[in-house]
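*Asks:* Start counting the sequence shown at 296; every next residue gets the next number (our numbering).
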Amino acid sequence: MPLPRRGRGSRLASTRVASTSLPRAVPVFPRRAGRRASLLSHAQHLTRRRHSSELVPEEPELRPDFRSGKWLREPAAGDFGELRQGLLAGMGSRHRIYDQEELVIPCASDSDSGSVDLQLSDLEGIKKDPSNTDLTVLDLEIPDIPEFSQDSLTDSLRNLTHGSPLSQTSVERLVQSIQEVFRGKLKGESEKLKFLRSLSSLSQTLLYDETTESFINSHIADIVHILNVLVQEELLNSLSSPVLQEVLVTVTELSYQDVHLLLDSEDRDDLLSLIIKIVITLPSIDTLIQLQGPRPSGSRNTESLYRQTFQAFSDMLQSFVMKDPHLEKFDTIFQHMEPWLQSAKDHERKQATATMAQVLKCLSRHLSLKLPLRFQRLGHLVALMALLCGDPLKEVAEEAAEGTHYLLHITLRLKYITHDKENHQSLKRALKKCRELLDRYSIKRFYRYPSKIAQVFEVFLSSTELCQFVMTTLDGLKNLPHPCSQQTAGELLITLVKNAESRFEKLPEIIGVICARLSIISQPKVRQQVINTVSLFISRPKYTDVVLSHLLCHPVPYDRHLAELWRTLEVDLPSTTWILWRLLRKLQKCHNVPTQEKMAYVAVAATNALYEVLVGNKLRAATFRLFPQLLMTLLIQIHHSIGLTMSDVSIPTGLYAEQEISTEVTPLGFAMQAIKTLLLRTLCWQEFNIMEKNKGWTLLKGDCHLQGVFLLANALLERNHLLAHRILYLLVPLLNRGNEKHKLTAAAFFVELLQSPVARRLPSTYSTTRLKDWLCHGNNIFRILALRGLHNLLRHKEMKENIKNLLPCLLDSLCEADERIVLLTIQILLQLVQNVDFTTLAAMMRTLFSLFGDVRPDVHCSSMTLFGASVKSVKHRDKKSAEKQVLESLVPLLLYSQDENDAIAQESRRVLTICAQFLKWKLPQEVYCKDPLYIKPAEVETICNFFGKKCQGKINILAQTLMYSKNAKLPIRRAAVLFVGLLTQYMDHNELRTTGTDWIENDLRDLLQDPEPSLRLIASQALFRVQRVGELEPEQTVCWLRKLLGCLPT
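#1: Leaving out five residues on either side along the sequence, give the residues of the same chain with a beta carbon under 7 Å from the beta carbon of L549.
#2: Would L415 be called buried (16 or more neighbouring beta carbons within 10 Å of its own) or exposed?
#3: Got a sec, what are the start and stop residues for the alpha helix (DSSP H) P819 sits in?
#4: Should S814 go down as buried or exposed, given a rule of 16 or more other Cβ atoms within 10 Å for buried?
#5: Assess, as a yes-or-no matter, whether the segment 1213–1232 is touched by the segment 1145–1155 under the definition of 3 or more beta carbon pairs within less than 8 Å.
#6: How long is the line joining the alpha carbons of L583 and Y601, rounded to whole angstroms?
#7: Spell out the partners DSSP gives V944 in its beta bridges.
#8: Given E1114, which residues of its chain have a CB within under 7 Å of its CB, disregarding the five upstream and five downstream residues?
#9: Keeping to the same chain, check which residues put their C-beta closer than 6 Å to that of L673; ignore five residues upstream and five downstream.
#10: What whole-angstrom Cβ distance do F764 and V677 have, given they're in contact under 8 Å?
#11: How far does the alpha helix (DSSP H) with K1175 in it reach, from first residue to last?
#12: Taking the continuous alpha helix (DSSP H) assigned at K710, which residues delimit it?
#13: Determine, using beta carbons only, whether C779 and G698 come nearer to each other than 8 Å.
#14: Are there 16 or more other CB atoms within 10 angstroms of the CB of E1035, so buried, or fewer, so exposed?
#15: Taking the alpha-carbon of L666 as reference, which of E693, Y951, S1192, L709 has the nearest alpha-carbon?
#16: L469 and S485 look like a contact to me (Cβ under 8 Å); what is the Cβ gap, rounded to whole Å?
#17: Under 7 Å Cβ to Cβ from I946, same chain only, skipping five residues before and after it: list those, please.
#18: According to DSSP, is M617 part of a helix, a strand, or is it coil?
#19: Restricting to Cα atoms, I'd like to know which of L707, R1269, L1029, S870 is closest to M927.
#20: Between which residues of its own chain and E1236 is the CB-CB distance below 7 Å, once the five residues before and five after are set aside?
#21: Look at the alpha carbon of Q782 and the alpha carbon of E694, and state the distance between them as a whole number of angstroms.
#22: Would you report the Cα separation of L1048 and V1004, rounded to the nearest angstrom?
#23: Ordered along the chain, which non-local residues of its own chain (more than five positions away) have a Cβ less than 7 Å from that of D840?
#24: By DSSP, does V1275 sit in helix, in strand, or in coil?
#25: Under 7 Å from any heavy atom of the ligand GTP, does the C-beta of V544 make it?
#26: Looking at the structure shown, is A916 part of a helix, part of a strand, or coil, going by DSSP?
#27: Rank A904, L978, G949, G997 by C-alpha distance to the C-alpha of S936 and give the top, closest one.
#28: Could one say the Cβ of A1137 lies closer than 8 Å to chain C's Cβ atoms, at least one of them?
#29: So, for I826: in the same chain, excluding its five sequence neighbours on each side, which residues have a beta-carbon less than 6 Å away from its beta-carbon?
#30: Among D1194, H631, F1133, L1188, which has the Cα closest to the Cα of H1171?
#31: Report the three-state DSSP secondary structure of E623 (helix, strand or coil).
#32: Run the CB neighbour count on P803, radius 10 Å, all protein chains shown included, and call it buried at 16 or more, exposed below.
#33: Assign S834 to buried or exposed, taking buried as 16 or more other Cβ atoms, counted over all protein chains shown, within 10 Å of its Cβ.
#34: Taking all protein chains shown into account, decide if P836 is buried (16 or more other Cβ within 10 angstroms of its Cβ) or exposed.
#35: How would you call K1261, buried or exposed, if buried means at least 16 neighbouring beta carbons within 10 angstroms?
#36: How many angstroms separate the CA atom of I628 from the CA atom of C729?
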């Protein structure tokens, strides 16, 4: 059953339902009461009328009601005669007897103008006083807002009717009866009512009797204790007696006399909380009647008592705010009412909302503010009332809309007194905006759309109050039983943030609550509104980093709700690049610091966030624009993540709480899925396919990471050269930034892109000079990258001259232990060798000669290749100078033609041919025999005969051959020993006898201990031949050799 409309009956008189024989005090104003007379306020005019039948009722007037949309007829405020008489008639013989005529103080009319009291001229009654900080509208010079008016409070005061005061004897009797209660115990309903009415009557003498004042003030604790006992007992009665109502009336009357029994201390505060709980939790009248069952005739009217109790409760709360210049009493009321305004039970929420609306109405009509103000939760209150305007229960929504109607008037006055005078123009703009909004929407329609409430109130709320509004609205999202409440909260949130998105503080807390609420929002539309709120915040440059930092402080991988948030961010096109760039910078900053023992958690979180953003594809335009930065940053993150698990990440304390992290979750996994998604979202499908077919993804996440980088760079250069060129220009300034892994990955991509024709446009400072610096770097990987870059630059003919200046560094690189450095150097020199001066060429040939027989097969083979190219490059004028070096290479080349490595053997024969051509020799065909020479005696003899004669007098071919008898490779040792034995027959025997053959024989004797039988046999035969040379004549020697060779096994 609906509650009584505000102002329809007596505030207090109509709530009395029992009688007592005690006389009622009639306040008069003798001279000694003058000091209190000035304290009369409009609140005192709500005092009950004892003899209402003597009053002439006023004509009912129309007032607007936003709950039903209709105009209601309501009796003028203060005219409670008829209602009073009706109620007393229903009380039977127990009605009260009044033997004194009481003072009548009618209240101002309760009729409304039909609109919110925002007319600025209404505030002109606040006069500018040097001792008062109140501000007037005249000071602000702001034009009036139409449709808003309010009657002056002074006009509503009527003439006071004086009656005779209580006699001293009557006062003493009242005091005595109250003191008896202090000493004893109240028994029965009649004693309780007698005590309460005695106290109420005594309160009327406070204006003129100092003894009464002293008595009540000295016994407040006792009075509060007894009231507490009475209220506790009423918990079990469920309105079976009027005691609770009488308590409320008594408290109200004392409040009018500035004696507050429920405020200013902890025990009083507890009593207020208990009273509010009892009244608000009362079931609806229909439920209550059903619970009580059939009532005997002559019993109290439950419905009437129910209504009167609620009216008394409302009047009590209103009496608190009648004189509340600092709003501390209102703040107390709101604190106690707040949980009931958010109750899940419809009847509790309905009763709390109706009561709060009445309190706001009363406060708006009797607002007289002074600094400092104690009420600091305006944003919370506005949001709560706005949420209630969207309540699924129609009665609640209507009551809340009417309460918000008065709250706007309160807010306006509140801002007048609290605004900073320096922000005078700001307040003018706020009022102008408010007026424009209210002109656009009729008041009635305005409050039927809760989101518009946020639009109007936003102009007055401070940054702190805005945060209160948002936090309260977010709490409204927890209302699962009522989807429409969630919808209202979503609309309020998005409307407020759109209109005041740059004035928020405590943003991390707001974002934290939003993230926590996402899991309980069931409606897709509301979820999107909440996500759009985050989008609005994150798109504001001043908030972007704050929002990102908070979103990145959640466990990875993100749950489905946070993942949805990242994927569905909706921002304006100009903001997309900014947001993605700031997210990217979070990751890049982790790469700019020296490598730490543990990876920063933000690096993993940002990588996962990038993946989610790329999957959602809402920032597609920004993704294309920032593709070079995204690609390189993710490649660098992969490099940092190789081999790491989540235990290698510096996870903030308490982030995962008791949640276990799966072993499948790794930093590398996030980076790999992000870079794959990036390629697919930017339509790099062919590049993705190349990486997949050539196991590029495996290379990227392993020890061969840079090989994977090379592959991806080449794929981009081949399939999407425009993107490749953009990356090239990006990398130029980035190569010397960040830590070592950052530099290596960037350098690897950079050197591959030097194949592009665009590289020719780069100044030498960014190309050859930088590569030269890397050639001298202490890290071999940088040296390898430098050589790879030089090799790629050599594709451009115009770059060769610049690279020739690096030849000294390149020649030094030939002596490196790292095979990759040597091979890359040889590849570069092969392209430069034709343009090298002879001095450099000769030095290079000597270095290459030392690499013949290198244990690294590729180095061995490549060095011979470059040596052959060098021989070809010798100019005619320099041939004489190069001849000796060429002659010295013949024996090694001849011997290595017997190498077990086919590539080396073949290259040796090829280069040997080049050297012969240089010397203008025609080699015998036996040199090109691919079979082992030790099984071809005739071929060996022919070869030895050829070289023995050609080299005679030019080089010591025998000594050079004997050096290779100690080679690590068996085929080389065997060929060398075989050649030593046979070459002696073509040497000058007299010279051999002169120099002696001991040095040859000693080396051959050592070989007789070789574990290889074939080598021991060949060594013994060679030794025998050498010994024979020193003993026999030449003719005998030849004859003996022929016989010996005929005995060799085939």
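C-beta: ideal position from N, C-alpha, C; glycine also.
*Replies:* On the basis of the data shown:
#1: Excluding residues within five positions, the ones whose Cβ falls inside 7 Å are S498, L556.
#2: Because the pLDDT at L415 is just 39, under 50, the model does not fix this residue reliably, and the point stays unresolved.
#3: Per DSSP, P819 belongs to the alpha helix (DSSP H) from 819–834.
#4: Exposed, by the Cβ-count rule.
#5: They do not touch, by the three-pair rule.
#6: Those two C-alpha atoms are separated by around 9 Å.
#7: According to DSSP, residue pairing for V944 in a beta bridge involves M894.
#8: Excluding sequence neighbours, E1114 sits near R1151, D1153, V1154.
#9: Excluding its 5 nearest sequence neighbours in each direction, L673 has C-beta neighbours in its own chain below 6 Å: E760, listed in chain order.
#10: Taking 8 Å as the upper bound for CB-CB distance, F764 and V677 are in contact here, some 6 Å apart.
#11: Counting along the chain, the alpha helix (DSSP H) containing K1175 begins and ends at 1174–1191.
#12: Annotation: the continuous alpha helix (DSSP H) that includes K710 extends over 689–713.
#13: Not closer than 8 Å, so no.
#14: By the 10 Å Cβ count, E1035 comes out exposed.
#15: Ranked by Cα distance from L666, the options E693, Y951, S1192, L709 are led by L709.
#16: Between S485 and L469 the Cβ distance is about 16 Å, and since that is not below 8 Å, they are no contact.
#17: Cβ within range, chain order: Y896.
#18: Here M617 sits in coil by DSSP.
#19: Looking at the Cα atoms, L1029 is the closest of the given residues.
#20: Within the same chain, E1236 has close Cβ partners L1277.
#21: Answer to the nearest angstrom: the Cα atoms are 19 Å apart.
#22: Computed Cα separation, rounded: 11 Å.
#23: For D840, same chain residues with a beta-carbon under 7 Å away, outside a window of 5 residues either side, are R877 in chain order.
#24: Three-state result, V1275: helix.
#25: Questions concerning the ligand GTP fall outside what the structure shown contains, since it holds no ligand whatsoever.
#26: Residue state, collapsed to three classes: helix.
#27: Of the candidates A904, L978, G949, G997, the one whose C-alpha sits nearest the C-alpha of S936 is G997.
#28: Any reference to chain C falls outside this structure, which holds one protein chain only.
#29: Apart from the 5 residues on each side of it in sequence, I826 sits with its Cβ closer than 6 Å to the Cβ of L860, T863 in its chain, given in chain order.
#30: The shortest Cα separation from H1171 among D1194, H631, F1133, L1188 belongs to F1133.
#31: DSSP places E623 in helix when its eight states are reduced to three.
#32: P803 is exposed by the Cβ-count criterion.
#33: S834 should be labelled buried.
#34: Around the CB of P836, fewer than 16 other CB atoms lie within 10 Å, so the residue is classed as exposed.
#35: It counts as exposed.
#36: Going from the Cα of I628 to the Cα of C729 covers about 28 Å.
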